[in-house]
Each structure stands twice: as C-alpha cells, then as structure tokens.
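Residue numbers (the working numbering), protein chains in the order written: chain A, 329 to 942; chain B, 2 to 340.
Working notes, beginning with the structure itself.
Below is the structure:
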C-alpha cells in the first residue's frame, strides 16, 4: 500500500503519559527538531507538582503540547490534532480536549486492567469502541516493540521499557517528516558514559520511525513547510533560559558584576540553575537559606556595586516584600523576577497564572512604588530582563519583572540577537561632584531621572550611611519631619513615573479606532493576537494593544482607549490590570477572566469578543 | 588590603560620624561604640573599605555613628545583606551589628547560615536579654519566668545560649565580652578582625531602662572575680579573687574545684581555643549558677572561607572554558538561518 503525503499549515501535538514516561523530554526533542526544520512553533509543558505521583494515576499525568506551523504563530494551540497517550490515565485526562476527528495514538501495552482501574475506566476504551465514533485511534504495542528491538542488549526489562517514549517520538518524526539524526547526536552526548542507553534509545526511536514507514497502519505523512520568518539566524529558546541570557547580557553591557541570589522555587529555579552554570562569565550565584536571604544578599551586593538580581514565584515574592521596600527606600538598583504560578498560598505550583500583578504593584507597606514590566513570549523574556536591568540602573530603583509558568517553560523560535545592537547601559558611579562641604550627599539627585548617586564601599571619601528610616533628601540623614516625608514620598513616585518619558509610542495592531480593542499584558499576548487576527479576517473592527510596562503605564494609553467603543482585557486572574485601568482612565474595561491554571485560548477570546460586538 | 597600603594614620575622630547619638543615657551601647571607634585605627584598614551592616533594634543604629560605609537594613536580615556585600567584594572588611532579638529571634536563620558558610564577616551581637526598642518585652535570651509587658505571669520559653548556638552552627570563631570591660572589648574586636572566617562575638550589654543589672554580678567589683572566668589560650581555667578556684574535668563533666588541698593547678583544665569539646563545655556554663561565665575566645579554628571558594570556582570555570561572553551562549545550540 502506498503512502501519501499531505501538506498542512499547522499541527498541534500533545504528548501525555505518566510522570516517569519522559514526556517533557520527548516534547523537548520534538521541539528542537521542529525548530531545525524551520517551522514556527510554540510549546506548552504541563506537568504535575508531584515529582512522581503513583504510577498510572491521573495525578501523575504529565503532558507537553507543541504547535508548529508554516506561518507566524503566537500560541501553543488550543485543542490538539493528535494525542499521544502512553497509558490510560493520560488518555482519560486529555481525551476530552481533542476535537472530534482528531487522532489518538496509544501504547496498548500500558492498557492493563490495573492501569485502567487507576484511570477510572470500567472497560478498556481501546476495545469497547467508545472512541471510534469521534476519533481515529491507533493502538500500538510500543512496550512490546521496544522490548523486541532491544532484546539482545542485555538490559533489564525495566530499563528497556523506559525507551518507549523514543518509540513514540520516532513514530511522530515519521508522521511529520522530521529527521532523527539530531536526536541521535543529542543522545550520544547525553548518555556518553552509558553507550548501552544510547543504543537502546536509538533502536527504540528507529523502531518507531520504521513502524510508521513499513506497517500499513499509517497511510499518510504530513509535511509542514518552513515558516516565513524575518531573515536571520534562529534557535529555539525556552523562557527561563532566554531570561537568564538577558540578565547576563545586561551585566556584560553595563560592565557590572552579575550577582544572583535566590532560593529554589517552581517555576523559577531554572534561572538559578542556568546562571550557576555560567561561572565562566564571571557570574556569581548564591543559593540562600530562604527567600528573604535571597533578596537581601542581592541588596547587599547592589549596595556594593553589583547588578543584583533575584527570581522567585508568588510565595517568594510575599516573603521578599519588606526587602523590596528597603530597596525602594535605599534607592538601589535591583531586579526582582516573579515567574508567576497559580495561587494563593502554594496554589498550583506548576501551572500558570497572572494573579500577582496587584501584588507587584502594591504588595509592600507604605507608599513604595516600583517599576513593573512583563514579558510576553518565551523569547521576549530576554529583552524584558535586559530592559529591567537597564531601567534599574538608570533610575536607581528596584524593578519587578513579571513572567509566568507558561512563558518560563514554553519555547519558540528566537532570532539570535547581536548584543552590540542592544541599547547601551551606562553606569556612572558617584564621584566628587556629589560631595558638598566635604560630605558625600547620597540623595543629591540627577535632575532628569531623579536617580541618586551610586557610591560603593571601597570608594574613598564617599563613605556614607543609608537605611530604611526616612531620609532627608540630598543629605540622606535620618529625618522624621512631616514635610520632608511628604516630599520624599512624592519624589519616589515621580521617579518611577518619569520612566514613561522614554517608553515611546504604543504600537496598535489593527486600526486606531473601531468597535473593540483587546488589551493584553504578559503571556496572554499570543492568544490575543491570534484572536484579533481571526476576528479581523472576518471583517470585525477589532484591534490589539499589548502593554509591556505596567508601571508606569504608557503615556498615550488614555487617548488610545477612548477611540474604541469597547475594551476587552483577557487575564488569567480576576481582573487585576483591568481594575487599574478602570481606576486610572475611567474606562469601562470588560474582563475575560479565566483562572484555570492554563493559558487563555484564542477561541475563548474570540467568543468573548463576539459576545461584546456581535 | 595589606596593611602596608594604609597611608593614613587614623584617630578615633576619623571613625566618628557627624550624627548625634540617640541611645538612652547610660546605655551600654555607648561604651561599645566608643571602644569600637577607639580600636579601629589599630586595625590597619582603609576607612573606605569598612562596612557596617545592621538590622533593627537599638544596637542596629550603630552604623549611623561610624564614619565608614554603613547600611541600616531590616529586622534580622543583616547577616544576609552582609553576605551579599562580602561576596560582591571580598576585599572589604564587613561588620554586622545585631542584638539578641535581631540576630537570634527574627534573624536566627540568617545567623546560623552565615556561621556555617564561614564568610569572613565579623558579627557583634549585643546581648541585653531584653527587647529595648519595642519597650521591654522578653527576648530569646531572657531567663525563664521573665516578667515583662508581654509576659505578666513570667516567660515560658527557655533561653537560647548564643555561644552554644554559634558552635552548633559551625562557627570558626566564638567569643564573648562585656560592655564595661573596655580593654577586653577592644581586644576581642581586634581578634575578630584578624580571624579569617565568620567571627561571632557576643557582647553582654546592659539595658539600663528595661533590664538594668542583667549582668551586674559579672561587672560588680565585689562579685566579678567569682562569677567571671577569663579565658586565656593554653592557660588553666582559674578564677576567684585569690585565683584559687578552677575548672576540673571529672570524667567528662566539668566541675568547679578549689585549688589547694585536694587539687593542684595541674589538675585544672587548660584552655585550648582549637578544641571544640572544650568550647562546648565552656559555652554550657552560661546561665548556670554553678559555674562562672566564660569570657574571652572560646573557639577559634582556621577553615576556608565561602568567598574564597566562590572566587576559586569562578577562576576554575574560566580556566576550563576560557572567559566566555554572553554572545557565545546566545549563538550556541542548534541554529538555522532564514533567508
């Protein structure tokens, strides 16, 4: 039987299996290969908080979704076209999200009575025909086939069975016409000390690929053309990694020592891991005893002239609040990254949310304004981190950068930047010009930016004391006078507001007026853009504005908002930025607030838009 | 920071800032400040390389009065902030000023972690066994049954013994002194400075407003010879006005004995600052009416500092991979070109 090849524009695949089945790794390899092939792509890892929930249970299901396309895409897709389910629990957890007509590939060998019971199936769905009315189901004996492929390697059955994810990967590589060689090269490096594992995984992958090629079960292969991205060199990049590179780039451009302090927390830990591996760049990393020590050590380093950075997630931000207040008071440059996750309390550690925006804005005692910005895609995390560092140094202020679990673990093709092209970061430490009558004046401000001079221990004749008690402006002496306090409160606020002067004009996607403006911030950017593209294709008068800086907000926002009959703001929270915008601009912003621990889909947004403007 | 580089000869005045000192009249903090300012010219460190970090509490106002770099931070966090200062620039001489509440209660975690890491930071912990700044609540070093505003029927918690805690946390230098013992205080400051690694110095400090006389038995002329055991390295642990009392080990239990009839000076335990067991025995004499209070250096050993190891790892990584640039990392990995 001959095989046919069909060209498609985009595909959404979801790999799902037990936590121990290696789904994140499988998804990662498929992603890297898809990047090399030249498609645009976007990914969404989705894993449980438990490291190893009981095998075969619903709680232990780990999934990885990838959308890839020949076009410029903005999201990891809503519903998958194809689900790879390595066991009954994976099928049970994800089946309802596959559109009718979709494809399911299952590892039949894992559909044992025990696993079926664990997943809550009374009968085997692969045998009772309940799926067949809606989906194309392929039952593949993956475990059996990897056992056959590896039988002469002398490995334990358990070890061999762990290669079944590579069988699935090989099969998907065949279906979507992707090369296996890059993964073979990767395996050779990954298991360089265990050649038998390289061999077993290669055999499993080849078995999967050949299974697609030779059996008559799969009749169609699909190809997806290269995406027409702007010219340049590309690589695939994951959000937390891009962010780490942005920090290191800022350190290099500013010629400051990067000092990173933090405490492990999901989903921010990878920033600590990544920077710790870059000691050859001269980066200092410090795994502190707790979240508070993480930020306070960084504050000490900032006092001493380093570029101080800490990253955490919501619970950690709660603990760091007082220290951020001190950074506001001491007017020291500091970058605080919140990789947001579901809250409150421990909440949903591995799931995404945008619910810490008000905490970022107001989560400190007293009037403690801080610049806040948010990155919008995995690759944008690089630029947002760089920008946060630049502003922190220029204005001598702590800056809060918001990302989220989706951006942190998601990936996309990324045009490799040349760091020479990035805006410069000029550091001017204090000198004698800040000395009056023999005394250094730690709060003698730059007239334009209101930044105070940065004098660091080791600098002669600039010895001075700062602290958390209210300062007299200019001298920095302890001061409890009512008028001075009022003046300092206003000055600290004005300093943050003045950043808006350099932010430039907002870029609207679509017309400058119309029936509906969809406003986004952070990780919902892609879904909003996709929705607006779809709505505009249907001749709807809809535009999209993405807000990068939340504090200060863009200066031209008021004049943009009033040109639209409706404003819709999708957020993965109960309406936090819309609350601020309503308060600031007296505009009746409508919220689309879905707080489910996962990205809002383009379909959700289109539906909300249609219900507003019909 | 070799001493040869110091050109200037400092006086006490050089370390005195222009800020009016605002502790209560009669506070033990005055004496500690005065001795610090007096002894600092002898340390041989350029003024610009000295940094004082404090948390919150009466003692934590200290940095404002020293004409060096100083940072008055938040409650309990001084050890962590100081760690950042030292790691950012290991050439600085970094001093933490804290109290029994700041360093052992709200900031206890940072204190023990600083000690176990052994950064070359000098900790001066003013212990007055009371909360002064918040007006008189009991502290983690207050004796059981302490009647204060927050414990009208007496406090229930057993006190921390700061020296035992420091030893348990892996401190490499543990000492104790008293605010009124000016010469000894100066000597302990110098020894803290010379020690490479975290120096933990507990300073008994009298709060004359909320806990007056907490250490009077150790400072009153009539009693102090019997209540204080002055530690000298390699010397027998003798005390008393007649120097006729000493600490003798009975098996592994320390006992106070009289030198003369039954026991001679040769039976008395000889202090050895490098002996952890002796340091532990000494630290446990604290808050114990059967024993004099040991004052001086209990423990001092040499060990690698955290910052040296951190710098070495960076050197090693740079040697192995050569000094990298972020552009190399950005360009690395699987890339493809879109034309």
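All residues carry an ideal CB built from backbone N, CA and C; glycine is no exception.
Since this is a predicted model, take the numbers as computed values, not measurements.
Would the beta-carbon of residue 448 of chain A fall within 8 Å of that of residue 420 of chain A? By 1-based counting over the first chain, the position of residue 448 of chain A is 120. By 1-based counting over the first chain, the position of residue 420 of chain A is 92. Result yes, Cβ atoms of residue 448 of chain A and residue 420 of chain A sit closer than 8 Å.
Beta-carbon of residue 621 of chain A versus every beta-carbon of chain B: anything under 8 Å? For this step, residue 621 of chain A is matched to residue 293 along the first chain. True, the Cβ-Cβ gap to chain B drops below 8 Å.
Within chain B, partners of residue 656 of chain A - CB distance below 9 Å: Reading the first chain from its first residue, position 328 is the one you call residue 656 of chain A. By Cβ distance, chain B contributes nothing, its closest Cβ being about 12 Å from residue 656 of chain A, past 9 Å.
How would you write the range of the alpha helix (DSSP H) that residue 857 of chain A sits in, first residue to last? Numbered from 1 along the first chain, position 529 holds the residue referred to as residue 857 of chain A. Where residue 857 of chain A is concerned, the enclosing alpha helix (DSSP H) stretches over 853–865.
Selection of the region 779–809 of chain A by Cβ proximity to chain B, strictly under 9 Å: 783, 784, 785, 786, 787, 788, 789, 790, 791, 792, 793, 794, 795, 796, 797, 805 and 806
Using a Cβ-Cβ cutoff of less than 8 Å, which residues in the same chain neighbour residue 3 of chain B once the five nearest sequence positions on both sides are dropped? Within the second chain, numbered from 1, the residue matching residue 3 of chain B stands at position 2. Because the pLDDT of residue 3 of chain B is 46, which lies under 50, any placement of that residue in the model is unreliable, and the question is left without a value.
Would the beta-carbon of residue 278 of chain A fall within 8 Å of that of residue 545 of chain A? The requested residue 278 of chain A is not part of the displayed model; chain A covers only 329 to 942.
Can you tell me which of the three DSSP states residue 367 of chain B falls into? As shown, chain B starts at 2 and ends at 340. That puts residue 367 of chain B outside it, with no answer to give.
Residues of its chain near residue 335 of chain A, where Cβ-Cβ distance is below 6 Å and the 5 sequence neighbours each way are ignored: One-based indexing of the first chain puts residue 335 of chain A at position 7. By the criterion of a C-beta distance shorter than 6 Å, residue 335 of chain A is surrounded in its chain by 551, once the five residues flanking it on both sides are discounted.
Alpha carbon to alpha carbon, how far is residue 135 of chain B from residue 18 of chain B? Within the second chain, the letter at position 134 stands for residue 135 of chain B. Within the second chain, the letter at position 17 stands for residue 18 of chain B. Cα-Cα distance, rounded: 26 Å.
When you compare the region 97–110 of chain B with the region 647–656 of chain A, are there three or more beta-carbon pairs, one atom per stretch, that lie closer than 8 Å? no
For residue 695 of chain A, which of A/798, A/817, A/587 and A/803 has the nearest alpha-carbon? Within the first chain, the letter at position 367 stands for residue 695 of chain A. Its Cα nearest to that of residue 695 of chain A, the residue A/817 stands out among A/798, A/817, A/587 and A/803.
3-residue-minimum beta strand (DSSP E) runs that sit fully inside the region 491–528 of chain A, ordered along the chain: none
Whose C-beta lies closer than 7 Å to the C-beta of residue 535 of chain A among residues of the same chain, with five residues either side of it excluded? Counting from one through the first chain, the residue named residue 535 of chain A turns up at place 207. Excluding residues within five positions, the ones whose Cβ falls inside 7 Å are 473, 474, 477, 495 and 498.
Please list the partners that residue 585 of chain A has in chain B, where partner means a Cβ-to-Cβ separation under 7 Å. In the first chain, the residue the question calls residue 585 of chain A occupies position 257. Within chain B, the residues near residue 585 of chain A are 89.
Contact list for residue 325 of chain B against chain A, beta-carbon separation under 8 Å: Numbered from 1 along the second chain, position 324 holds the residue referred to as residue 325 of chain B. Result: 606, 608 and 609.
Proximity of residue 131 of chain B and residue 212 of chain B at Cβ, strictly below 8 Å: Taking the first residue of the second chain as position 1, residue 131 of chain B is located at position 130. Taking the first residue of the second chain as position 1, residue 212 of chain B is located at position 211. Cβ atoms of residue 131 of chain B and residue 212 of chain B: closer than 8 Å.
Would a C-beta distance cut-off of 8 Å place residue 668 of chain A and residue 733 of chain A closer than the cut-off? The residue labelled residue 668 of chain A in the question sits at position 340 within the first chain. The residue labelled residue 733 of chain A in the question sits at position 405 within the first chain. In this structure, residue 733 of chain A lies closer than 8 Å to residue 668 of chain A by Cβ.
Can you find a C-beta in chain A that's less than 8 Å from the C-beta of residue 68 of chain B? Along the second chain, read from residue 1 onward, the residue named residue 68 of chain B stands at position 67. With 8 Å as the cut-off, residue 68 of chain B counts as an interface residue toward chain A.
Can you list the residues of chain E that residue 618 of chain A reaches, using a CB-CB cut of under 9 Å? Among the protein chains of the structure shown, namely A and B, there is no chain E.
Sort out for me which residues DSSP pairs residue 368 of chain A with in a bridge. Within the first chain, the letter at position 40 stands for residue 368 of chain A. Looking at the DSSP assignment, residue 368 of chain A forms a beta bridge with A/397.
Skipping 5 residues on each side, what residues in its chain have a beta carbon closer than 8 Å to that of residue 934 of chain A? Taking the first residue of the first chain as 1, we reach residue 934 of chain A at position 606. Only 859, 862 and 863 meet the Cβ criterion.
Cβ contact check for the region 256–270 of chain B and the region 205–225 of chain B: 3 or more pairs under 8 Å: Segments in contact, no.
Could you compute how far the alpha carbon of residue 832 of chain A sits from the alpha carbon of residue 882 of chain A? In the first chain, residue 832 of chain A corresponds to position 504, counting from 1. In the first chain, residue 882 of chain A corresponds to position 554, counting from 1. C-alpha separation (whole angstroms): 8 Å.
Consult DSSP for residue 913 of chain A and reduce its assignment to one of helix, strand or coil. Residue mapping note: residue 913 of chain A aligns to position 585 of the first chain, counting from 1. The answer is helix: DSSP assigns residue 913 of chain A an H, G or I state.
Skipping 5 residues on each side, what residues in its chain have a beta carbon closer than 7 Å to that of residue 751 of chain A? As a working note, residue 751 of chain A is residue 423 in the first chain. Around residue 751 of chain A: 718.
For chain A, find out if any of its Cβ atoms is closer than 8 Å to the Cβ of residue 218 of chain B; answer yes or no. In the second chain, counting from the first residue as 1, residue 218 of chain B sits at position 217. No, because no Cβ of chain A sits closer than 8 Å to the Cβ of residue 218 of chain B.
What does residue 86 of chain B touch in chain A if you count any residue whose Cβ is under 8 Å from its own? Numbered from its first residue, the second chain carries residue 86 of chain B at position 85. Simply 628, 629, 631, 632 and 785.
DSSP beta-bridge partners for residue 70 of chain B? Taking the first residue of the second chain as position 1, residue 70 of chain B is located at position 69. Looking at the DSSP assignment, residue 70 of chain B forms a beta bridge with B/52.
Exposed or buried, which one is residue 569 of chain A when buried takes at least 16 other CB atoms within 10 Å? Taking the first chain and counting its residues from 1, one reaches residue 569 of chain A at position 241. That one is buried.
Within this structure, are the beta carbons of residue 303 of chain B and residue 88 of chain B separated by less than 8 Å? What you label residue 303 of chain B is simply residue 302 of the second chain in a count that begins at 1. What you label residue 88 of chain B is simply residue 87 of the second chain in a count that begins at 1. No; because the gap between Cβ atoms is not below 8 Å, this pair is not in contact.
Any residues in the region 14–45 of chain B with a beta carbon nearer than 8 Å to a beta carbon of chain A? Which ones, in chain order? Of all residues in the region 14–45 of chain B, 18, 19 and 20 have a Cβ within less than 8 Å of some Cβ in chain A.
C-beta neighbour in chain B for residue 659 of chain A, strict 8 Å: The residue given as residue 659 of chain A occupies position 331 in the first chain. No - not a single Cβ of chain B is within 8 Å of the one on residue 659 of chain A.
Buried versus exposed call for residue 292 of chain B [16 or more other C-beta atoms within 10 Å across all chains shown]: Residue numbering aside, residue 292 of chain B sits at position 291 when the second chain is read from its first letter. Classification for residue 292 of chain B: buried.
Spell out a yes or no on whether the region 653–672 of chain A and the region 111–131 of chain B are touching, meaning 3 or more CB-CB pairs, one atom from each, closer than 8 Å. no
Partner residues on chain A for residue 65 of chain B, Cβ-Cβ distance less than 8 Å: The sequence position of residue 65 of chain B within the second chain is 64, counting from 1. Simply 793, 795 and 806.
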